[in-house]
Amino acid sequence: MNLSYPLFEMPAVGIYIVIVTFIFGAIFASFITCTAWRVVRHEDWMMGHSHCDTCGHELSTADLFPVISYIALKGKCRYCGSKVPPRDLIFEIILGCVFAGTLALHGAIDAVVLATLALEVLLLGLSLADWDSGVIPDGFLAAILVVWIMTVGFMPDMQSYAVEGVIAAACAGLIMAVVTVIIGKIKKTKMNYGPVKLAMCLMLFLHIRGACAAAVIAVVLGIVFALVCKSKKRQISLAPAISIACIAALLLKDIPVPVIG
Ligand SMILES: [Zn+2]
Numbered sequence: 001m002n003l004s005y006p007l008f009e010m011p012a013v014g015i016y017i018v019i020v021t022f023i024f025g026a027i028f029a030s031f032i033t034c035t036a037w038r039v040v041r042h043e044d045w046m047m048g049h050s051h052c053d054t055c056g057h058e059l060s061t062a063d064l065f066p067v068i069s070y071i072a073l074k075g076k077c078r079y080c081g082s083k084v085p086p087r088d089l090i091f092e093i094i095l096g097c098v099f100a101g102t103l104a105l106h107g108a109i110d111a112v113v114l115a116t117l118a119l120e121v122l123l124l125g126l127s128l129a130d131w132d133s134g135v136i137p138d139g140f141l142a143a144i145l146v147v148w149i150m151t152v153g154f155m156p157d158m159q160s161y162a163v164e165g166v167i168a169a170a171c172a173g174l175i176m177a178v179v180t181v182i183i184g185k186i187k188k189t190k191m192n193y194g195p196v197k198l199a200m201c202l203m204l205f206l207h208i209r210g211a212c213a214a215a216v217i218a219v220v221l222g223i224v225f226a227l228v229c230k231s232k233k234r235q236i237s238l239a240p241a242i243s244i245a246c247i248a249a250l251l252l253k254d255i256p257v258p259v260i261g
């Protein structure tokens, strides 16, 4: 499957596709923020009903339109009037922009871009879950593995893509596991291996080539997130830093490099 379209040759078509992609991004953000919220609270993430955190009233379909419902209700619950934090709205707008940016940079609808979009949704979900609970749920990691297995099936060089990914994941897992064990021994504390598992899953997509950019961005952002967590006296969450680094590294591959000469 490769539905290439001349994004920059036909601006009207390009703008239309980018707007539609933004809307899809906002819808998926609404779904995944709700899923992460339910997973952290051990609620039924599939069949459960969304409700107001303050009054507990079940939300109707009209209350659940991404971005639009929040603006129409002026950030308040329709039933009790309590203020609703803008967090979900912010992530709906961010994922909408990231979706649109991903497609605009890639310039074609193919297996790679669909895998990247799916990855962006799952990384938002697991980052929110990690930020709220300090745990990266294994269900999100399993979903990332499913996306990778499906992506491999659509790759023209299926075998080398799969082998490169597995080697990169094994290398990253080994290095990060050793570092985590050493830190655990020095601090004499039980370490969380969630970030190691997450890095291994993401290396399947990044390969060794994408690892350098991702590692540099992840270390810088990891320090920033660790300082923020320390200043707020909360547990350190590394999933957001690793997730942003992975997406940035995947998008960097699509930025055209000017050829001199
Ligand atoms: Zn309410």
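1 is the number of the first residue of the sequence shown in the numbering used here; add one for each residue after it. For every residue, glycine included, the Cβ atom is placed at its ideal position computed from N, Cα and C.
Around W148, the same chain offers L204 as residues with beta carbons nearer than 6 Å, after the five sequence neighbours per side are excluded. Environment of ligand 1, chain-ordered: C52, T54, C55, H57, C77, Y79, C80 and S82, taking every residue with Cβ within less than 6 Å of a heavy atom.
Here the region 229-244 lies against the region 189-196, with 3 or more beta-carbon pairs under 8 Å apart. Bounds of the beta strand (DSSP E) holding D110 are A108 to D110. Taking all protein chains shown into account, S127 has 16 or more neighbouring C-beta atoms within 10 Å of its C-beta and is therefore buried. Short of 8 Å from the beta carbon of H51, and not among the five residues preceding or following it, lie these beta carbons of its own chain, in chain order: H57, E58 and L59. Assignment of K185 by DSSP, reduced to helix, strand and coil, places it in the helix class. In the three-state reduction of the DSSP assignment, H51 falls in the strand class, which pools E and B.
Between the alpha carbons of I175 and T54 lies a distance of about 45 Å. Nearest to C201 by alpha-carbon distance, out of F24, C80, A72 and S243, is S243.
Your pair E120 and I223 does not check out as a contact, with CB atoms roughly 23 Å apart and the cut at 8 Å. Looking from the CA of A211, the closest CA among I109, G165 and P85 belongs to G165. The region 65-75 and the region 26-46 touch, with three or more beta-carbon pairs separated by less than 8 Å.
A straight line joining the alpha-carbon of C229 with that of S82 spans about 27 Å. With fewer than three CB-CB distances shorter than 8 Å, the region 123-142 does not count as touching the region 14-25. Contact between the region 76-93 and the region 107-121 is absent, with fewer than three C-beta pairs closer than 8 Å. In this structure, F91 lies away from T35, with their beta-carbon atoms at least 8 Å apart. Taking C-beta atoms as the reference points, A249 and A213 count as a pair closer than 8 Å. The beta-bridge partner set that DSSP reports for E58 consists of H51. One alpha carbon belongs to D110, the other to M155, and they sit about 10 Å apart. In the structure shown, the three-state DSSP call for K253 is coil. Distance from the CA of G48 to the CA of I186, rounded to the nearest whole angstrom, comes to 43 Å.
Here DSSP, grouped into helix, strand and coil, assigns K233 to coil.
Secondary structure at K190: coil, using DSSP grouped into helix, strand and coil. Taking a 10 Å sphere around the C-beta of A239, we find 16 or more other C-beta atoms and assign the residue as buried. If you look at V135, you'll find it isn't in any alpha helix (DSSP H); DSSP assigns it neither H nor E. Annotated three-state conformation of K76 is strand, per DSSP.
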